[in-house]
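Engineer:
Residue numbers (this note's numbering), protein chains in the order written: chain A, 80 to 335; chain B, 925 to 1091.
#1: For residue 122(A), which residues in chain B fall below 7 Å Cβ to Cβ?
#2: Mind checking whether residue 955(B) and residue 980(B) have CB atoms under 8 Å apart?
#3: In chain A, which residues lie with their C-beta within 8 Å of the C-beta of residue 1075(B)?
#4: Would you grab the beta carbon distance between residue 211(A) and residue 247(A) for me? Rounded to a whole angstrom, and I think it's under 8 Å.
#5: To which residues of the same chain is residue 205(A) closer than 6 Å at the C-beta, ignoring the five residues directly before and after it?
#6: With DSSP run on the structure shown, which of helix, strand or coil describes residue 314(A)?
#7: Between which two residues does the beta strand (DSSP E) containing residue 246(A) stretch?
#8: Which whole-angstrom value is the C-beta distance of residue 1053(B) and residue 1063(B), which I expect to be below 8 Å?
#9: With distances taken Cα to Cα, identify the nearest neighbour of residue 958(B) among 297(A), 146(A) and 113(A).
#10: Looking at the ligand ATP, does it come within less than 7 Å of residue 966(B), judged from the CB to the closest heavy atom?
#11: Measuring only between beta-carbons, confirm whether residue 333(A) sits less than 8 Å from chain B.
#12: Can you pull the DSSP bridge partners for residue 236(A)?
#13: Given a limit of 9 Å on CB to CB distance, which residues of the region 941-958 of chain B reach chain A?
#14: Let me know if residue 112(A) comes out buried or exposed under the rule of 16 or more other beta-carbons within 10 Å of its beta-carbon.
#15: According to a CB-to-CB cut-off of less than 7 Å, which residues of the region 91-125 of chain A neighbour chain B?
#16: Less than 8 Å separating the beta-carbons of residue 96(A) and residue 941(B)?
#17: Can you give me the Cβ contacts of residue 309(A) inside the same chain, cut-off strictly under 7 Å, excluding the 5 residues immediately before and after it?
#18: Among 966(B), 1024(B), 952(B) and 1080(B), which has the Cα closest to the Cα of residue 128(A)?
#19: With 16 as the cutoff for other CB atoms within 10 Å, does residue 314(A) come out buried or exposed?
#20: Quick one: what's got a C-beta closer than 8 Å to residue 221(A)'s C-beta in the same chain, skipping five residues either side?
#21: Can you find at least 3 beta carbon pairs, one from the region 195-205 of chain A and one from the region 296-307 of chain A, that sit closer than 8 Å?
#22: Taking just the CA atoms, how far does residue 1068(B) sit from residue 83(A)?
#23: Mind checking if residue 935(B) is an interface residue toward chain A, Cβ cutoff 8 Å exclusive?
#24: Got a sec? Which residues, its chain only, sit under 6 Å from residue 236(A) by beta carbon, not counting five neighbours each side?
#25: Taking residue 1041(B) and residue 1027(B) to be in contact with their CB atoms under 8 Å, please state how far apart those CB atoms are, rounded to whole angstroms.
#26: Excluding five sequence neighbours on each side, which residues of the same chain lie with their C-beta closer than 8 Å to the C-beta of residue 964(B)?
#27: Taking the beta carbon of residue 126(A) as the centre, do at least 16 other beta carbons fall within 10 Å, making it buried, or is it exposed?
#28: Pick from 224(A), 302(A), 167(A) and 323(A): whose alpha carbon is nearest that of residue 193(A)?
#29: Buried or exposed, going by whether 16 or more other CB atoms sit within 10 Å of the CB of residue 107(A)?
#30: How would you label residue 1045(B), buried or exposed, when you count the other beta carbons within 10 angstroms and need 16 or more for buried?
#31: Strictly under 8 Å for the Cβ-Cβ distance: is residue 82(A) near chain B by that measure?
Printed below as a string of structure tokens:
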């Protein structure tokens, strides 16, 4: 059947909503109607423009106020987050002013192993040339969906482009309590960072948990902290000061 | 996947659409938050044979219509209220981005919704019709008008005008 080509067909063609048979008919028809072809290209260009402009929103971290709580009862209150943010800020400032590495007497659950495990994972995967990650950054949506599903919470790799680090990709790792996610970043000098995200068993947040801690594991600088239900560790070899800046950048995006 | 997780997974798309629809980040996130609250409230009566995405967009559409009606919205966006530009490596000329925000703001809201649901969110026409609760024929005619009009606006052929929408 060869129904005449309608305006609707042209839109559906531009939007990729035609079935294969009709697609061929429309393509044939367009070949001999250059003006209409140009119009269709114009529509496609409009859609591409919309994507160029607004797709960046997809990569933004989701504001905390939009995240429904796990029990679905009430929204988190903004002031609750504000209080935590101030607490964190205070801790960071305190850390910086202290000016010496924090040799921690570890109190939180599983924090003994967090920097160590993160550093080990860093050392194992960062030298990889061909397979540094399981899923590369060009499939970021898939990467995020997959790791979020496995860790049971919405994850979002922070953007570190303002510090000139780009996301390389990520992988799933076994941790001592189950699944762990690792995101890898790289700068132009091929320096690599890894962000290790480990779900924590339920624990009461203490002031000690809500602070950056530093460890040097066999030459790898690790800043780690606990936030909500996760332990985070950022590992790299670019020096403590630089790592603190990067960790702050990561932290800010995880809890805006 | 739990209902919460399924909904959470849709948040980035809801935010993108709301940003383009309202042209303002704060207004957009308010709309997304209202949509999510409503969706979680209604989840139990939601039939699972329907697709989640069009359902969420339909909730957002209804809330957006309500808000505009309440406010007796003025169809106008001045420079000061245009959104902050998003930083991307492959960013176009910033003037062009601003023009797109402005151009979208100049489309009648019914046309803007269809254009964004089709062109940006890439929903099948049938889903757009469901989300907006109009026949598919209406979707197609709005789409056609929106595309012509956007083209004219971007080419500088349509003079921006203040247009007050009556409540």
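We put the beta carbon where it would ideally sit given N, CA and C, even for glycine.
Structural biologist: In brief:
#1: 1071
#2: no
#3: 121 and 125
#4: 6 Å
#5: 271
#6: strand
#7: 245-254
#8: 5 Å
#9: 146(A)
#10: This structure lacks the ligand ATP, and indeed carries no ligand of any kind.
#11: no
#12: According to DSSP, residue 236(A) bridges with nothing at all.
#13: 941, 942, 943, 944, 949, 952, 953, 956 and 957
#14: exposed
#15: 94, 96, 121, 122 and 125
#16: no
#17: 276, 277, 278 and 279
#18: 1024(B)
#19: buried
#20: 214
#21: yes
#22: 18 Å
#23: yes
#24: 246 and 262
#25: With 8 Å as the limit, residue 1041(B) and residue 1027(B) do not qualify as a contact, their Cβ atoms being about 17 Å apart.
#26: 927, 928 and 931
#27: buried
#28: 302(A)
#29: exposed
#30: buried
#31: no
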